[in-house]
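**Q**
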Amino acid sequence: MALHDQGCQRRSARQKAELPLEHVDLAFSDWQLWADAPHFSRTAFAETLDGGQAFRWNRIKNCFEGRWAKNTVRLRQDNSGILWCAPTGDNPEAVGSALAQYFALDTDFAGQTDALPWRSDPVLKTAIEAFPGLRILRQPLGETLFGFLCSSTKQIPQIKAICEAVAIDMGDPLPDGSHALPSWAQIAAAGETRLREAKLGYRARYINQTAVFLSQNPGWLDETEALPTSEARQRLISLPGVGRKIADCVLLFGMGRLEAFPIDTWVQKILVRAYGLEGWKSDPLLDFARVHFGPSAGLAQQYLFAAARAGLIAKK
DNA sequence: GCACAGGTAGATT
DNA sequence: AATCTACCTGTG
1 MALHDQGCQR RSARQKAELP LEHVDLAFSD WQLWADAPHF SRTAFAETLD
51 GGQAFRWNRI KNCFEGRWAK NTVRLRQDNS GILWCAPTGD NPEAVGSALA
101 QYFALDTDFA GQTDALPWRS DPVLKTAIEA FPGLRILRQP LGETLFGFLC
151 SSTKQIPQIK AICEAVAIDM GDPLPDGSHA LPSWAQIAAA GETRLREAKL
201 GYRARYINQT AVFLSQNPGW LDETEALPTS EARQRLISLP GVGRKIADCV
251 LLFGMGRLEA FPIDTWVQKI LVRAYGLEGW KSDPLLDFAR VHFGPSAGLA
301 QQYLFAAARA GLIAKK
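The numbering of the first sequence is full-length UniProt numbering, which starts it at 1 and goes up by one.
(1) Between which two residues does the alpha helix (DSSP H) holding R205 run?
(2) Quick check on E259: does DSSP put it in helix, strand or coil?
(3) Report the three-state DSSP secondary structure of H292 (helix, strand or coil).
(4) Hey, L251 and R257: beta-carbon distance below 7 Å or not?
(5) Would you give the residue range spanned by the beta strand (DSSP E) that W60 belongs to?
(6) Mapping the DSSP letters down to three states, classify V242 as helix, strand or coil.
(7) Using the C-alpha atoms, what's the distance from A232 back to I187?
(8) Give the DSSP-derived three-state secondary structure of Q112 in the structure shown.
(9) Skipping 5 residues on each side, what residues in its chain have a beta carbon closer than 8 Å to that of R42?
(10) In the DSSP assignment, find the unbroken alpha helix (DSSP H) run with W266 in it and report its ends.
(11) Which residues does DSSP pair with L33 in a beta bridge?
(12) In whole angstroms, give me the CA-to-CA distance for F288 and D264.
(13) List in chain order: all unbroken alpha helix (DSSP H) runs of 4+ residues lying wholly within the segment 141-193.
(14) Can you have a look at G119 and say buried or exposed, based on whether 16 or more other CB atoms are within 10 angstroms of its CB?
(15) Can you tell me whether F28 is helix, strand or coil according to DSSP?
(16) Drop a sphere of 10 angstroms on the beta-carbon of I156, count the other beta-carbons inside from all chains shown, and report buried for 16 or more, exposed for fewer.
(17) Go ahead and pull the three-state DSSP assignment for G219.
(18) Pairs of beta-carbons, one from the segment 111-129 and one from the segment 301-310, closer than 8 Å: are there three or more?
(19) To which residues does DSSP link residue 317 through a beta bridge?
(20) In this structure, does DSSP put G7 in helix, strand or coil?
(21) K269: which of G254, E259, M255, W280 sits nearest, CA to CA?
(22) Quick one: any contact between the segment 27-44 and the segment 80-89, if contact means 3 or more CB pairs under 8 Å?
(23) Is it the case that the Cβ atoms of V166 and A198 are separated by a distance below 7 Å?
(24) Quick one: give me the first and last residue of the alpha helix (DSSP H) that T229 is part of.
(25) Using a Cβ-Cβ cutoff of less than 7 Å, which residues in the same chain neighbour P132 once the five nearest sequence positions on both sides are dropped?
(26) Let's see if you can read the secondary structure: which residues bound the beta strand (DSSP E) around L309?
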């Protein structure tokens, strides 16, 4: 009981300061080598987890702690590779298979990267060389949609804080004392007011409308995932609050469609500055990206985004 | 006080 | 069809 109270106190204090949650180490298993782990450079490991693809990873001490679906996992990189640990009692085989799906181990990102036009594109070459092993995550579809519905004109730390607040308020508790993101039914039941209390502002109305629709149409997102990319995109855009950019984020980070190329303010600036496309708007830039980067344009986008965040390319 | 931040939808030109 | 503008909230 005393332990529980202490944890809650710590959590609320940290929430106010918008710092990552910290959980009781005793609740976690020993570190285990992730034998199937993909190769990551240090930079790519951090950027893949905490670079704006997903909003539920936090640096804790010498590791990253993340959540998706009903999973809580800690990952740490050392000279032997990637190590993981999970709440005591979690089935190691289930964790392994959850990791395999989340990290899209069935996708050959090294091969997709090599097929990008880096040989003739020095900007892309710089970005790829700075983040060797960068991957596109394959996140649960609904969670990806929720995260990016929260994202408009918000910075990553704020999006993470909102996701955490909504999870604590509406989501199921997890074995380590943290919370999963809520289902659409849970969000719809909570309503717009509670979403606004999580500091969602004008996004709350869209998210509530989307949650009401999706909870009344179970299977709709899975049906969408079965469609070709352009048809899936059209359906996603029909949801309240989802435009081209958020739809492309969902296609890329939640459905593994590497051709999807989200253009946000960062990517717009990168393309304009690095490729001399002054005055180009979003639609022509999409055509440029498709033609120049090819079928894995979305992977190129992630390299460029990472490199721009690091101040390596497209500087003023 | 004010501009700006991983956008979208609706109005106006 | 292209270009505003409102919409919440936090940060600098």
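Think of the CB as a built atom: it goes at the ideal place given N, C-alpha and C, for glycine as much as any other residue.
**A** Considering the structure as presented:
(1) Position 205 of the first sequence, counting from 1, holds the residue named residue 205. Segment 203-216, the alpha helix (DSSP H) holding R205.
(2) One-based indexing of the first sequence puts residue 259 at position 259. Annotated three-state conformation of E259 is coil, per DSSP.
(3) Position 292 of the first sequence holds residue 292. DSSP places H292 in helix when its eight states are reduced to three.
(4) As a working mapping, residue 251 is identified with position 251 in the first sequence. As a working mapping, residue 257 is identified with position 257 in the first sequence. Going by C-beta atoms, L251 is nearer than 7 Å to R257.
(5) Locating residue 60 in the first sequence gives position 60, where the first residue counts as 1. The sequence shown places Ile at residue 60, rather than the Trp named in the question. Run containing I60: 57-60, per the beta strand (DSSP E) assignment.
(6) By one-based count along the first sequence, residue 242 stands at place 242. Here V242 sits in coil by DSSP.
(7) Residue 187 sits at position 187 when you count from the first residue of the first sequence. Residue 232 sits at position 232 when you count from the first residue of the first sequence. Roughly 23 Å separates the two Cα atoms.
(8) Your numbering for residue 112 matches position 112 in the first sequence. For Q112, the three-state secondary structure derived from DSSP is helix.
(9) What you label residue 42 is simply residue 42 of the first sequence in a count that begins at 1. Excluding residues within five positions, the ones whose Cβ falls inside 8 Å are Q77.
(10) As a first step, residue 266 is located in the first sequence; it is residue number 266 there, counting from the start. Taken as a continuous stretch (DSSP letters only), the alpha helix (DSSP H) holding W266 covers 265-274.
(11) The residue labelled residue 33 in the question sits at position 33 within the first sequence. Partner(s): L83.
(12) Taking the first sequence and counting its residues from 1, the one referred to as residue 288 is at position 288. Taking the first sequence and counting its residues from 1, the one referred to as residue 264 is at position 264. Near 15 Å, if we compare the C-alpha coordinates of D264 and F288.
(13) Segments of the alpha helix (DSSP H) lying fully in the segment 141-193: 141-149, 156-170, 184-190.
(14) Walking along the first sequence from the start, residue 119 turns up at place 119. The residue you asked about is not Gly; residue 119 is Arg in the sequence shown. Classification of R119: exposed, given that the 10 Å Cβ count is below 16.
(15) What you label residue 28 is simply residue 28 of the first sequence in a count that begins at 1. F28 falls in the strand class under three-state DSSP.
(16) Translated into positions along the first sequence, residue 156 becomes position 156. The residue is exposed, with fewer than 16 neighbouring Cβ atoms inside 10 Å.
(17) Numbered from 1 along the first sequence, position 219 holds the residue referred to as residue 219. In this structure, G219 counts as coil in the three-state DSSP scheme.
(18) yes
(19) No information on residue 317 is available, as it lies outside the stretch 1 to 316 that the chain covers here.
(20) Within the first sequence, numbered from 1, the residue matching residue 7 stands at position 7. The predicted position of G7 is uncertain, since its pLDDT is 33 and thus under 50; no value can be drawn from it.
(21) By 1-based counting over the first sequence, the position of residue 269 is 269. Selected option, being the one with the closest Cα: W280.
(22) yes
(23) What you label residue 166 is simply residue 166 of the first sequence in a count that begins at 1. What you label residue 198 is simply residue 198 of the first sequence in a count that begins at 1. The answer is yes: Cβ separation under 7 Å.
(24) If you number the first sequence from 1, residue 229 lands on position 229. For T229, the enclosing alpha helix (DSSP H) begins and ends at 229-237.
(25) As a first step, residue 132 must be located in the first sequence, where it is residue number 132. So the list reads S41, A44, once near-sequence residues are dropped.
(26) Residue mapping note: residue 309 aligns to position 309 of the first sequence, counting from 1. One point to set straight first is that residue 309 is Arg, not Leu, in the sequence displayed. First-last for R309: 297-309, but that is the alpha helix (DSSP H), not the beta strand (DSSP E).
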